[in-house]
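As you go down the protein sequences, you meet chains A and B in turn.
The opening residue of the first sequence carries number 0 in numbering that gives the first Met the number 0; numbering runs sequentially from there.
The opening residue of the second sequence carries number 0 in numbering that gives the first Met the number 0; numbering runs sequentially from there.
Note that the Cβ used here is the ideal one computed from N, Cα and C, for glycine as well.
For clarity, every value in this text was computed on a predicted model and none was experimentally measured.
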Amino acid sequence: MSTGNVQNEKVQQFVDHVESGEQYIEKNLTRFMHILRHLGIRISSAEVVDAVKALASVDMLDGIQVLTAFKATLAKSPEDRLILEKAFRAFFVTPEQKAERTEKRKEREEIEAQEMQAAEEEISYQVEGPQGEEQRDVTIPLTDEEKKTYSKLPENQKKRLNDYLNKQFQSNSVNNPEELITSMIKSSLNYWKYYLKLQDDGPPEINYTGEEEIDEILQEVAAELRDDEQLYYKDIEKITETDMPTAASLIAKLSRRLATRISRRYHRSKKRQRLDIRRTIRHNIRFGGTMFNLKYKTKKIEKPRIVLICDVSGSMAKYAAFVLQFMYGLSSSVQEIESFIFSEEIERVTDEFKKPQSFDITMTEIINRSESWGRGTDFNKALAVITGSYRHLLNKDTFIIIVSDTKTLNAEKSGARLSDLKKKVKDIVWLNTLPKKVWSSAPTVSIFSRHSRMFECNTLAHLDRIMRSQMLK
Amino acid sequence: MDLSIENLKAKFNEFGYIADYETVVTAYLALKMNKPLLVEGPPGVGKTEIAKVLAGVFDTELIRLQCYEGLDENKALYEWNYQKQLIKIQLSQISTNDQCQNTEDNLFSEEYLLERPLLKAIRSDNKPVLLIDEIDKVDQEFEAFLFEVLSDFQVSIPEWGTLKAKQIPVVVLTSNAERELSDGLKRRCVYLYLDYPSPDKELRIITAKVPGISERLSMEVSRAVSFIREKLELRKKPSIAETIDWARALVSLDADRMSPDMVNFTLNVIFKNKDDIDLFRQNLGPQELISAVQNGGSQSRR
Numbered sequence: 000m001s002t003g004n005v006q007n008e009k010v011q012q013f014v015d016h017v018e019s020g021e022q023y024i025e026k027n028l029t030r031f032m033h034i035l036r037h038l039g040i041r042i043s044s045a046e047v048v049d050a051v052k053a054l055a056s057v058d059m060l061d062g063i064q065v066l067t068a069f070k071a072t073l074a075k076s077p078e079d080r081l082i083l084e085k086a087f088r089a090f091f092v093t094p095e096q097k098a099e100r101t102e103k104r105k106e107r108e109e110i111e112a113q114e115m116q117a118a119e120e121e122i123s124y125q126v127e128g129p130q131g132e133e134q135r136d137v138t139i140p141l142t143d144e145e146k147k148t149y150s151k152l153p154e155n156q157k158k159r160l161n162d163y164l165n166k167q168f169q170s171n172s173v174n175n176p177e178e179l180i181t182s183m184i185k186s187s188l189n190y191w192k193y194y195l196k197l198q199d200d201g202p203p204e205i206n207y208t209g210e211e212e213i214d215e216i217l218q219e220v221a222a223e224l225r226d227d228e229q230l231y232y233k234d235i236e237k238i239t240e241t242d243m244p245t246a247a248s249l250i251a252k253l254s255r256r257l258a259t260r261i262s263r264r265y266h267r268s269k270k271r272q273r274l275d276i277r278r279t280i281r282h283n284i285r286f287g288g289t290m291f292n293l294k295y296k297t298k299k300i301e302k303p304r305i306v307l308i309c310d311v312s313g314s315m316a317k318y319a320a321f322v323l324q325f326m327y328g329l330s331s332s333v334q335e336i337e338s339f340i341f342s343e344e345i346e347r348v349t350d351e352f353k354k355p356q357s358f359d360i361t362m363t364e365i366i367n368r369s370e371s372w373g374r375g376t377d378f379n380k381a382l383a384v385i386t387g388s389y390r391h392l393l394n395k396d397t398f399i400i401i402v403s404d405t406k407t408l409n410a411e412k413s414g415a416r417l418s419d420l421k422k423k424v425k426d427i428v429w430l431n432t433l434p435k436k437v438w439s440s441a442p443t444v445s446i447f448s449r450h451s452r453m454f455e456c457n458t459l460a461h462l463d464r465i466m467r468s469q470m471l472k
Numbered sequence: 000m001d002l003s004i005e006n007l008k009a010k011f012n013e014f015g016y017i018a019d020y021e022t023v024v025t026a027y028l029a030l031k032m033n034k035p036l037l038v039e040g041p042p043g044v045g046k047t048e049i050a051k052v053l054a055g056v057f058d059t060e061l062i063r064l065q066c067y068e069g070l071d072e073n074k075a076l077y078e079w080n081y082q083k084q085l086i087k088i089q090l091s092q093i094s095t096n097d098q099c100q101n102t103e104d105n106l107f108s109e110e111y112l113l114e115r116p117l118l119k120a121i122r123s124d125n126k127p128v129l130l131i132d133e134i135d136k137v138d139q140e141f142e143a144f145l146f147e148v149l150s151d152f153q154v155s156i157p158e159w160g161t162l163k164a165k166q167i168p169v170v171v172l173t174s175n176a177e178r179e180l181s182d183g184l185k186r187r188c189v190y191l192y193l194d195y196p197s198p199d200k201e202l203r204i205i206t207a208k209v210p211g212i213s214e215r216l217s218m219e220v221s222r223a224v225s226f227i228r229e230k231l232e233l234r235k236k237p238s239i240a241e242t243i244d245w246a247r248a249l250v251s252l253d254a255d256r257m258s259p260d261m262v263n264f265t266l267n268v269i270f271k272n273k274d275d276i277d278l279f280r281q282n283l284g285p286q287e288l289i290s291a292v293q294n295g296g297s298q299s300r301r
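Right, dumping it as structure tokens:
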């Protein structure tokens, strides 16, 4: 019997087993795939079939072999492998470990319930009844999410909120202030919800399934990823000086990849070479005019020109190190690059980055020379200079990369200028350091995203994702 | 060879390829499932070597397609020998010889076909190993063409019709991950990521590849390289080949252990970039490297 037949037989046995109704392995396998998809690994049905075939070829009792079979057929990048490994360890556990995890989740839920109960009790105030009636306690009707936000507040903030409630509204019998108080507390908690969310670093948000057992695993994997790959998922503004060398090398690597990617995508691929008639005839005279040796026109690889425009105004100060590393990384891997920094004014810094010197020296030179650092932002002015004094840089081979949080004066005018600029160049990509969750509340984002392809970019994971996905079409 | 994980591991060892368990199991799965093996990883970790070893293990021919920007079907699949066809036409015009008659039928015969690696692999009688090296360097159009070939193992030559592979070749694709490969291609392959080796694995590699090296020196070299890779943010991290070269250089200098002078003399063997040499001198230096190596080197690896 051939190897193929044996393999098919094993797959058939597997299928029979499924049909027999026990379905223990299959159920587990499907659930595992479900978890992987929720963790962001793209798995097609064909890959699931491959995984099943691979499992039929290995010793199912050997954990390493099973894990390797999954990695070989389902993971398609080092990042996928890492996630898969963690999910595997979290999913395939002994019943004891599973029970322990459920126990822990229940404990967590209990604590959360207690905290919410406490929140409900704490956010209450006393109000005096009409015509000297006794004081009564009023509880503010908060949603569960609002209660959760309250329980996460730092102690001093909780105290401030309570003091405010009690001092301002206690015994206020003139107007019934309940509605006012409720809306005041709700808006304050809303602000804190937003603030706490911003503080919350972590891997890209995971879509929970609503099924307790699966969500437990998703939570565990997400938490582990957060710990292990902290730097990768951390907001760049929060990367400490100690971590900077590692982050810098990652940024350099990613910016080099960005450069390669752009140049590959935009160079003209001429598969059919063009015949150079003149050279062909001249060369073939020696063969009596028979076109024996064909001569082709030399392929000219057209690399795009990159114009990099980086915002170094006050609001971007926290990202300055990232911006500079990014500029340095791109400049050292691309020949045809023009770099600008802007705040209220725009400055050309191409020459500083072109010098063959270390990053530290380049950075010191630019910071000492430039007056743009930490000022206000006028993107309109910056674009006016680019389209005026530097218009020779703009043509259909130019690829523009803008790094900015979109916060600028004259946003409408800037939008119009950006729209004009877009007509002159190949493409405009905007790396926005503002977290995506607040884009809807920033009107400038919608203005600029109309005329550019905007990507969230405030963690190294974002930068990597921009490179990995098919976004740079 | 009776294909099993243990046999494959033993064969890899026999051919001097020190592979970890995961590499062997993944290669085994690719062979068992008749699927191409896509090996990704930084340069110099032994990706290409896997194909060479597999050719050795199965005692078969290694057919190599080296990819580059602009590679097209003509260079990868087949081409008609235009010059030879032209000569034939010229000859048929002046000759009355019967052999030169019926030119049109003969012009697209085997004689005028220039076989390129892909066609060669498809037409091979013995199951060959087809190495498609640095696949990330080709254009996307070629990548799409390639995964069609890899899924059906058949090609169409208009003058001949469709050619189906006599034996499905063992296909190994390598990539330095300079560019993200398409999902279509990845889906058709079994995926293996090879990273830099652990100090222990590198020690075994040095011992196997550098004859005459003392136990102490090979241990120091493996620890030193691992320490350098981990501690310094280099533009180009030393590959396994460079580690072996470094060990060979030290052996040529009759060293039986590392010393600051020896490290200084041989820096150019391990670093291929002036910035990296400067970085090493500024942030580490030979003396500190040796102290680190003697204190156990790098133990923690991500």
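- Within the segment 24–53 of chain B, those residues whose Cβ lies closer than 8 Å to any Cβ of chain A are, in chain order, Val-24, Thr-25, Tyr-27, Leu-28, Ala-29, Lys-31, Met-32, Asn-33, Lys-34 and Glu-39.
- The Cβ atoms of Lys-85 (chain A) and Leu-217 (chain A) do not sit closer than 8 Å to each other.
- Interface residue (Cβ-Cβ distance to chain A less than 8 Å): Glu-21 (chain B) is classified as such.
- The beta carbon of Lys-200 (chain B) does not come within 8 Å of any beta carbon belonging to chain A, so the residue lies off that interface.
- The beta carbons of Pro-41 (chain B) and Lys-185 (chain B) sit about 18 Å from each other, so the pair does not count as a contact at 8 Å.
- Counted as a single uninterrupted DSSP element, the beta strand (DSSP E) harbouring Tyr-77 (chain B) occupies residues 77–79.
- Closer than 8 Å to the CB of Glu-364 (chain A) there is not a single CB belonging to chain B.
- DSSP, read as helix, strand or coil, puts Asn-282 (chain B) in helix.
- In this structure, DSSP gives Arg-347 (chain A) an extended state, which the three-state scheme calls strand.
- Going by C-alpha positions, Thr-93 (chain A) is about 36 Å away from Ala-117 (chain A).
- Taking a 10 Å sphere around the C-beta of Trp-429 (chain A), we find 16 or more other C-beta atoms and assign the residue as buried.
- By the Cβ-count criterion, Pro-140 (chain A) is exposed, with fewer than 16 other Cβ atoms from all chains shown falling within 10 Å of its own Cβ.
- Of all C-beta pairs linking the segment 6–22 of chain B to the segment 128–143 of chain B, fewer than three are shorter than 8 Å, placing the two stretches out of contact.
- Cβ atoms of Leu-420 (chain A) and Leu-382 (chain A) come within 8 Å of each other, at about 6 Å.
- Boundaries of the alpha helix (DSSP H) harbouring Thr-242 (chain B): 239–251, taken from the DSSP string.
- Beta bridge pairing from DSSP links Trp-429 (chain A) with A:Ile-401 and A:Met-453.
- Proximity of chain B to Thr-72 (chain A) at the Cβ level (cut-off 7 Å) is accounted for by Val-189, in chain order.
- In this chain, the beta strand (DSSP E) harbouring Leu-307 (chain A) covers 304–310.
- Residues of chain A whose Cβ lies closer than 8 Å to the Cβ of Lys-185 (chain B) are, in chain order, Lys-75.
- Taking all protein chains shown into account, Ala-55 (chain A) has 16 or more neighbouring C-beta atoms within 10 Å of its C-beta and is therefore buried.
- Secondary structure at Lys-423 (chain A): helix, using DSSP grouped into helix, strand and coil.
- Going by DSSP, Ser-56 (chain A) is part of the alpha helix (DSSP H) stretching over 44–56.
- Using a Cβ distance threshold of 8 Å, Leu-76 (chain B) and Arg-115 (chain B) count as a contacting pair.
- Taking C-alpha positions only, Gln-293 (chain B) is separated from Met-257 (chain B) by approximately 10 Å.
- A:Asn-379 is the residue among A:Ile-399, A:Trp-438, A:Ser-403 and A:Asn-379 whose C-alpha sits nearest the C-alpha of Gly-414 (chain A).
- A residue is called buried once 16 or more other Cβ atoms fall within 10 Å of its Cβ, and Asp-58 (chain A), having fewer, is exposed.
- Assignment of beta-bridge partners to Asp-132 (chain B) by DSSP yields B:Gln-65.
- Taking Arg-36 (chain A) as the centre and dropping the five residues before and after it, the same chain places the C-beta of Ile-42 closer than 7 Å to its C-beta, in chain order.
- Around the beta carbon of Pro-35 (chain B), 16 or more other beta carbons sit within 10 angstroms, so the residue counts as buried.
- Arg-304 (chain A) and Val-333 (chain A) have their C-alpha atoms spaced approximately 9 Å apart.
- One finds nothing in chain B with a Cβ atom closer than 9 Å to the Cβ of Phe-91 (chain A); even the nearest lies about 17 Å away.
- Shortest Cα-Cα distance from Ile-400 (chain A) to any of A:Lys-294, A:Asn-457, A:Ala-53 and A:Cys-309 involves A:Cys-309.
- If you compare the alpha carbons of A:Ile-63, A:Glu-99, A:Arg-100 and A:Thr-101 with that of Leu-83 (chain A), the shortest gap goes to A:Ile-63.
- The beta-bridge partner set that DSSP reports for Ile-17 (chain B) is empty.
- Contact between Leu-38 (chain A) and Val-220 (chain A) is confirmed by a C-beta separation of about 6 Å, below the 8 Å threshold.
- Given a length threshold of 3 residues, each whole run of the beta strand (DSSP E) inside the segment 113–187 of chain B is given here in chain order: 128–132, 153–156, 160–163 and 169–174.
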